[in-house]
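Take a look at the structure below.
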Amino acid sequence: MALAAGEAVAAVTGGPSLVVAVGDLVVDLAPGWLVRRTIGLLGTSQKPALLMGIVGVTLLAGAVLGRVVVGGRRTGRSAFMGFGLVGAGAAALSGAPFSGLVAGVIAAATGIAVLEAALRRVPGAGPPAGDPTVGPPAGVPFEDPRVKASTRRGFIAYVVGMSVAAGAVAVGSRMLAGRGSEDLREQVVLPSARRTAGDRPATTTTTTEAPWTPMPGLSPWITPNDDFYRIDTALVVPRVDPSTWSMTIDGFVEHELRFTLDDLLGMDLVDSAITLNCVSNEVGGDLVGNAVWTGVPLVDLLAEAGLESGAQQVMAWSVDGFNAGFPVATALDGRTALVAVGMNGEPLPFRHGFPARLVVAGLYGYVSAVKWLDRIQLTSLDDDGYWMPRGWAKHGPIKIASRIDVPTGSRVLTGRQPVAGVAWAPVAGVAGVEVSVDGGPWIACRILQDGAPGRPGESWVQWLHTWDAEPGVHVLRVRAHDLDGRLQSPGPKSIAPDGAEGYHIRRILVV
Ligand SMILES: Nc1nc2c(c(=O)[nH]1)N[C@H]1C(S)=C(S)[C@@H](COP(=O)(O)O)O[C@H]1N2
Ligand SMILES: [Mo]
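Just so we're aligned, residue 481 is where the sequence shown starts under our numbering, counting upward by one.
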């Protein structure tokens, strides 16, 4: 009931959930190696797992407390006050000291009241038998006038009723807290007048002679928003109100600037397909996607702010305190870097940073792609982003990589069939993809890049090889090289500290 009361207060005040606040604290305090290990262990389901773990540990502590207080020597009040304090403290650290305090106090008071009411219903409870000052003599059933009516059945009914009520209040509160947030996003309409990023018109780079037939299992060139991977430290997706949101540009700038969402939507917006890649993507993994982003070129905003000589790093901050930085020189080297407000023709989904985020071609997300953008600060190179003290590299250029999507399973039928996938090498662009069967020669594949807006090198390509599969077990390998003449690294190298290396290998049984 105490946990549920905390959720109810959060829903009413719009403040943080105490459970989530404690979870955020755990995430931020967790050592880098632990975060990496649990990401590997649980994938992105680590967030619900953490929150359920916090609820589970709290309930367990409650059960232990129940055993302790039923003897009558302790009241349990201080335990609940401590519980409220931890929640309120965590909420204060996540930036909501007042609503957190209210939630903590009400949660603790609820817990104390419910516990004391429960104790009055414990049949035969009271001071421990044998205590001459208050209790009955040993062996004589204790009779407290208040508990006369209590029976085992009455106690169980109370406990079950309270548990059901707690569940209902908690679920109802979470639903109430999430209400109407879809409307926030529906207020936003992307202007239709947009131009294409890049000096080159959108082109189709292809060595495909025959029409390219999309095959089941091959990643589409544009990743639909609903299928786009999500990685961030936020336990609950921030739901920013676009009507009150604004972002600032400050630090080593001549003019500090502030932009509302309408300001950004009224600027010269560009569309650009850019492949976004997580540094935690394993060889062959799916923490990578390609989308058409709509946004304001970062260079335009930096030019308006005017860079001072100390400005060496673009350090971006999110509304929830995450930050990531990359060199100013990278932002100005001609690649596409956007303060994006749209993704595949829609306002950004909440999960992907609504109302505005950064997307920088050729940089891993952890050094650049700050979602729920709050502030762009121009700093020296000495300032570090969120992941550096946790063991990740200061600089995060995306590595050349390729992935086999087809065949989808590990067993195929004998005969001619497609082997296909995606490859990326931003910002230079993929020049070629090769496949090798059973360690044999590298065979050039056909590559296809769609004619979407943007600089071609900043997006991945699809590739296709036609394989004449003979019965037996075979090993397929893929590698790519870029237009600067660099070959994908054979590795193997793990994801930390600056991204995995190695060729994606698939063992296939041909029957
Ligand atoms: N606010 C915020 N932005 C963030 C992160 C984060 O933890 N918080 N993670 C970054 C990382 S590590 C990656 S890979 C990308 C992922 O973006 P996506 O979830 O839209 O795919 O977001 C980046 N932006
Ligand atoms: Mo990432």
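Backbone N, C-alpha and C fix where the C-beta goes; we use that ideal spot for every residue, glycine too.
Go ahead and pull the three-state DSSP assignment for residue 940. Walking along the sequence shown from the start, residue 940 turns up at place 460. Residue 940 sits in coil when the DSSP states are folded into three classes, being neither helix nor strand.
Roughly how many angstroms separate the alpha carbons of residue 592 and residue 660, rounded to a whole number? Counted from its first residue, the sequence shown places residue 592 at position 112. Counted from its first residue, the sequence shown places residue 660 at position 180. Rounded to whole angstroms, residue 592 to residue 660 spans 33 Å at the Cα level.
Could you say which of 643, 652, 667, 602 lies nearest to residue 635 if we only look at CA atoms? Here residue 635 is taken as the residue at index 155 of the sequence shown, counted from 1. The shortest Cα separation from residue 635 among 643, 652, 667, 602 belongs to 602.
Answer yes or no: do residue 573 and residue 504 have a C-beta to C-beta separation smaller than 9 Å? As a working note, residue 573 is residue 93 in the sequence shown. As a working note, residue 504 is residue 24 in the sequence shown. Taking the C-beta atoms as reference points, residue 504 is found nearer than 9 Å to residue 573.
Residues whose Cβ lies closer than 7 Å to any heavy atom of ligand 2, in chain order: Qualifying residues, in the order they occur: 711, 758, 759, 760, 767, 844, 845, 846.
To the nearest angstrom, report how far apart residue 811 and residue 779 are at their CA atoms. By 1-based counting over the sequence shown, the position of residue 811 is 331. By 1-based counting over the sequence shown, the position of residue 779 is 299. Computed Cα separation, rounded: 7 Å.
Cβ of residue 798 within 8 Å of any heavy atom in ligand 1? Counting from one through the sequence shown, the residue named residue 798 turns up at place 318. Yes, Cβ of residue 798 sits closer than 8 Å to a heavy atom of ligand 1.
What three-state label does DSSP hand residue 981 in the structure shown? By 1-based counting over the sequence shown, the position of residue 981 is 501. Correct three-state label for residue 981: strand.
Can you tell me where the alpha helix (DSSP H) holding residue 642 begins and where it ends? Counted from its first residue, the sequence shown places residue 642 at position 162. Per DSSP, residue 642 belongs to the alpha helix (DSSP H) from 632-657.
Using the C-alpha atoms, what's the distance from residue 911 back to residue 842? Counting from one through the sequence shown, the residue named residue 842 turns up at place 362. Counting from one through the sequence shown, the residue named residue 911 turns up at place 431. The alpha-carbon separation between residue 842 and residue 911 amounts to approximately 16 Å.
Do the CB positions of residue 765 and residue 587 come within less than 9 Å of each other? If you number the sequence shown from 1, residue 765 lands on position 285. If you number the sequence shown from 1, residue 587 lands on position 107. Result no, Cβ atoms of residue 765 and residue 587 do not sit closer than 9 Å.
Keeping to the same chain, check which residues put their C-beta closer than 8 Å to that of residue 758; ignore five residues upstream and five downstream. Within the sequence shown, the letter at position 278 stands for residue 758. Excluding sequence neighbours, residue 758 sits near 709, 711, 767, 768, 844, 845, 846.
For residue 653 and residue 783, which I take to be in contact (beta-carbon distance under 8 Å), what is that distance rounded to the nearest angstrom? By one-based count along the sequence shown, residue 653 stands at place 173. By one-based count along the sequence shown, residue 783 stands at place 303. Taking 8 Å as the upper bound for CB-CB distance, residue 653 and residue 783 are not in contact here, some 46 Å apart.
Does the distance from the C-beta atom of residue 1071 to that of residue 918 stay below 9 Å? Because the chain in this structure spans residues 481 to 991, residue 1071 falls outside the shown range and cannot be described.
Sort 798, 752, 891 by Cα distance to residue 937 and report the nearest one. By one-based count along the sequence shown, residue 937 stands at place 457. Residue 937 has its Cα closest to that of 752, out of 798, 752, 891.
Taking 8 Å as the line, does the beta carbon of residue 831 fall inside it for any heavy atom of ligand 1? Against the sequence shown, residue 831 aligns to sequence position 351. Using a cutoff of 8 Å, the CB of residue 831 counts as near ligand 1, since one of the ligand's heavy atoms is closer than that.
Mind checking whether residue 773 and residue 940 have CB atoms under 9 Å apart? Residue mapping note: residue 773 aligns to position 293 of the sequence shown, counting from 1. Residue mapping note: residue 940 aligns to position 460 of the sequence shown, counting from 1. No. Outside cutoff.
So, residue 872 versus residue 978, is the Cβ gap smaller than 9 Å? Residue 872 sits at position 392 when you count from the first residue of the sequence shown. Residue 978 sits at position 498 when you count from the first residue of the sequence shown. Yes, the Cβ-Cβ distance between residue 872 and residue 978 is below 9 Å.
Alpha carbon to alpha carbon, how far is residue 493 from residue 657? Give it in angstroms, no decimals. Working through the sequence shown from its first residue, we reach residue 657 at position 177. Working through the sequence shown from its first residue, we reach residue 493 at position 13. Rounded to whole angstroms, residue 657 to residue 493 spans 9 Å at the Cα level.
For residue 786, which option in 808, 863, 933, 975 has the closest C-alpha, if you only look at C-alpha atoms? By 1-based counting over the sequence shown, the position of residue 786 is 306. It is 808.
Spatial distance of residue 749 from residue 874 (CA atoms): For the purposes of this step, residue 749 is identified with residue 269 of the sequence shown, where counting begins at 1. For the purposes of this step, residue 874 is identified with residue 394 of the sequence shown, where counting begins at 1. If you draw a straight line from the Cα of residue 749 to the Cα of residue 874, it is about 30 Å long.
Closer than 7 Å by C-beta to residue 950: which residues in its own chain qualify, once you throw out the five before and the five after it? Chain order, please. Here residue 950 refers to the residue found at position 470 when the sequence shown is read from its first residue. Taken in chain order, the residues that qualify are 894, 990.
In this structure, does DSSP put residue 852 in helix, strand or coil? For the purposes of this step, residue 852 is taken as residue 372 along the sequence shown, with counting starting at 1. It is coil, neither helix nor strand.
Let me know if residue 667 comes out buried or exposed under the rule of 16 or more other beta-carbons within 10 Å of its beta-carbon. Taking the sequence shown and counting its residues from 1, one reaches residue 667 at position 187. Around the CB of residue 667, fewer than 16 other CB atoms lie within 10 Å, so the residue is classed as exposed.
State the Cα-Cα distance for the pair residue 561 and residue 508, rounded to the nearest angstrom. Counting from 1 along the sequence shown, the entry for residue 561 is found at position 81. Counting from 1 along the sequence shown, the entry for residue 508 is found at position 28. Using only the alpha carbons, I get a separation of about 24 Å.
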